[in-house]
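Comments concern the structure below.
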Ligand code: UD1
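Residue numbers (my numbering): 1 to 418.
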């Protein structure tokens with residue numbers, strides 16, 4: 001099994017180009033079920049994307065990947081489509097459940113494996129099913145599968161989500177594409193990745209208006225067969241490298257981004273005293289002499305993302321005083337904490353809250369990655385630790401970070417995969 005070995009304390013300098021967003025690509029790939037010919041560019045070629053492509057191939061979509069250009073051509077079939085998403089293709093990646101909405105709306109039926117729990121929490125799909133039922137789907141759960149049907153087709157409806165969910169909003173948007181009449185979604189998620197899906201669906205011929213804070217109006221206009229789309233940058237990857245720069249950057253430039261989208265993250269880093277400069281499509285960042293403590297709560301966008309919580313926690317270990325993180329999105333997202341403590345961090349967990357005392361000296365250790373974002377926080381800790389840090393189970397990292405070692409090595413980090 002592959003490991004990452006990090007030799008800590010090497011000052012980082014250089015430029016990092018941010019890849020396309022994995023979390024935007026996944027629902028857009030599911031949306032290609034609705035289209036004829038799609039060309040996507042700026043696609044991050046990471047494991048989760050290949051898993052989704054395997055699922056689309058199984059469904060009957062032809063796929064051509066240009067690795068060099070990071071583009072994918074997808075061609076839909078008119079007939080003999082498979083409306084099944086089997087367990088083996090959904091179990092490793094929950095986003096597989098996003099094919100439910102498009103299959104159901106286009107082919108009036110779908111059988112999709114329940115994704116099950118995952119390391120960071122139980123992660124149910126009740127809100128996805130709630131929205132589809134409102135659109136008129138008949139749904140039953142049998143033998144671990146969601147079996148959905150809409151013999152007469154889906155019908156536009158008013159849907160008010162009881163809680164904000166990224167995936168459920170995406171499934172509802174995708175299902176609303178083929179529904180008759182108008183659909184109004186309220187209390188929906190408005191992550192930049194969802195807005196990227198919305199812009200893709202508009203190119204597909206959908207009229208979508210985002211009103212007020214969390215309302216989307218969806219109405220199909222004219223179906224378009226051919227769509228080209230470039231995926232938005234990965235704000236979580238950008239945030240991760242911003243933290244790396246704040247931890248040990250002589251000067252790092254994070255490019256190919258839109259700094260406006262990172263407002264919450266930038267504001268927090270500034271409050272902590274990090275040296276940061278914003279440009280049109282890039283940010284420069286370097287370590288400051290002293291970091292201030294801070295309290296944050298993870299929230300849906302535009303709040304601070306749960307996917308950056310572990311990374312920011314590493315920065316908090318270097319801030320003077322007691323910092324606090326309240327994890328409000330997932331119930332089990334402090335799995336990086338025992339590993340960080342083994343490296344010398346002083347962190348205490350009280351239910352949803354992590355209390356981080358700093359600054360503390362981190363020392364390299366052999367640690368284990370437990371999920372995608374937890375594993376990258378161990379990489380960040382390794383960058384500032386004394387001696388060597390060995391990270392096991394890095395297949396988690398490969399699910400979502402494109403060219404991680406290459407990008408860090410280009411900035412002079414001591415990172416090696418063995
Ligand atoms: C997406 C992101 C993930 C990110 C998360 C929150 C993708 C592929 N993944 O995951 O990286 O951490 O948003 O920003 O884009 N919930 C329910 N019932 C449901 C659905 C969700 O109770 O039917 C709960 C979840 O358990 C969680 C909360 O709602 O506590 C938010 O989850 P959700 O926004 O749906 O996350 P995902 O779409 O799974």
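C-beta atoms are modelled at their ideal positions from N, C-alpha and C, and glycine is treated no differently.
- Message: Give me, in chain order, the residues of the same chain whose beta-carbon lies closer than 7 Å to that of residue 106; leave out the 5 immediate sequence neighbours on both sides.
- Response: Taken in chain order, the residues that qualify are 33, 34, 178.
- Straight-line CA distance for residue 16 to residue 248? Those two C-alpha atoms are separated by around 14 Å.
- Task: Compare the beta carbon distance of residue 124 and residue 30 with 8 Å and say whether it is the shorter of the two.
- Result: Not a contact, by the Cβ cut-off of 8 Å.
- Task: Determine which residues share a DSSP beta bridge with residue 216 and list them.
- Result: Per DSSP, 185, 210.
- Span of the alpha helix (DSSP H) holding residue 87? Its alpha helix (DSSP H) spans residues 87-90.
- Can you check DSSP and say which residues form a bridge with residue 226? According to DSSP, which records beta bridges pairwise, residue 226 is partnered with 37.
- Under the criterion of a Cβ to heavy atom distance below 7 Å, does residue 286 qualify as lining the ligand UD1? Every heavy atom of the ligand UD1 is 7 Å or more from the Cβ of residue 286, so no.
- With respect to the beta strand (DSSP E) encompassing residue 111, which residues constitute its N-terminal and C-terminal limits? Secondary structure note for residue 111: its beta strand (DSSP E) is the uninterrupted segment 109-113.
- Is there contact between the stretch 350-364 and the stretch 317-336, where contact requires at least three CB pairs shorter than 8 Å? Because the criterion of three Cβ pairs below 8 Å is met, the stretch 350-364 and the stretch 317-336 touch.
- Taking the Cβ atom as the reference point for each residue, do residue 48 and residue 22 lie within a distance shorter than 8 Å? Cβ distance < 8 Å, so residue 48 and residue 22 count as in contact.
- Query: Near residue 413, what residues of its chain come up, given a Cβ to Cβ distance below 7 Å and the 5 sequence neighbours on each side ignored?
  - Reply: Close CB contacts of residue 413 within its chain, under the 7 Å cut and outside five residues either way in sequence, are with 10, 12, 383 (chain order).
- Item | Per-residue DSSP class, three states only, for residue 368 | DSSP places residue 368 in strand when its eight states are reduced to three.
- Task: Taking only heavy atoms of the ligand UD1 into account, decide whether any of them is closer than 7 Å to the Cβ of residue 330.
- Result: Yes, the beta carbon of residue 330 sits closer than 7 Å to at least one heavy atom of the ligand UD1.
- Item | Cα-Cα separation between residue 264 and residue 299, rounded to whole angstroms | Residue 264 and residue 299 have their C-alpha atoms roughly 11 Å apart.
- Item | C-alpha gap between residue 171 and residue 312, whole angstroms | When the Cα atoms are used, residue 171 and residue 312 turn out to be separated by approximately 30 Å.
- 8 Å Cβ cutoff met for residue 104 and residue 84: No, the pair does not count as a contact, with Cβ atoms beyond the cut-off.
- Going along the chain, which residues of its own chain have a beta-carbon closer than 6 Å to the beta-carbon of residue 111, five neighbours each way excluded? Within its own chain, the residues whose Cβ lies closer than 6 Å to the Cβ of residue 111, once the five positions on either side in sequence are excluded, are 84, 145, 147, listed in chain order.
- Whole-Å CB distance - residue 73 paired with residue 39, under 8 Å assumed: With 8 Å as the limit, residue 73 and residue 39 qualify as a contact, their Cβ atoms being about 5 Å apart.
- To which residues of the same chain is residue 142 closer than 6 Å at the C-beta, ignoring the five residues directly before and after it? Nothing listed; no residue qualifies.
- Task: Identify which residue in 345, 241, 168 has its Cα closest to the Cα of residue 356.
- Result: Looking at the Cα atoms, 345 is the closest of the given residues.
- Item | Beta-ladder partner(s) of residue 15, from DSSP | Beta-bridge pairing links residue 15 to 253.
- Message: Report the CB separation of residue 232 from residue 400 in whole angstroms; it is logged as a contact under 8 Å.
- Response: The Cβ separation is near 15 Å, so there is no contact.
- Message: Excluding the 5 residues flanking residue 181 on each side, which residues of the same chain have their C-beta closer than 7 Å to its C-beta?
- Response: Within the same chain, residue 181 has close Cβ partners 155, 156.
- Among 4, 213, 201, 168, the one whose alpha carbon lies nearest that of residue 221: The option with the nearest alpha carbon to residue 221 is 201.
- Task: Compare the beta carbon distance of residue 362 and residue 335 with 8 Å and say whether it is the shorter of the two.
- Result: In this structure, residue 335 does not lie closer than 8 Å to residue 362 by Cβ.
- Query: Under 8 Å between the Cβ atoms of residue 88 and residue 150?
  - Reply: Taking 8 Å as the Cβ cut-off, residue 88 and residue 150 do not qualify as a contacting pair.
- Message: Assuming residue 322 is part of the beta strand (DSSP E), what are its boundary residues?
- Response: In the DSSP annotation of this structure, the continuous segment of the beta strand (DSSP E) that includes residue 322 starts and ends at 321-326.
- Going by beta carbon distance, what residues of the same chain come within less than 6 Å of residue 136, once the five residues before and after it are set aside? Contacts found: 150, 154, 155.
- Who are residue 233's beta bridge partners in DSSP? For residue 233, which the question treats as bridged, DSSP gives the partners 20.
- Message: Looking at the secondary structure, which residues open and close the alpha helix (DSSP H) in which residue 173 lies?
- Response: Per DSSP, residue 173 belongs to the alpha helix (DSSP H) from 166-178.
- Query: Are the stretch 380-399 and the stretch 234-252 in contact at 8 Å, needing three or more beta carbon pairs?
  - Reply: They touch, by the three-pair rule.
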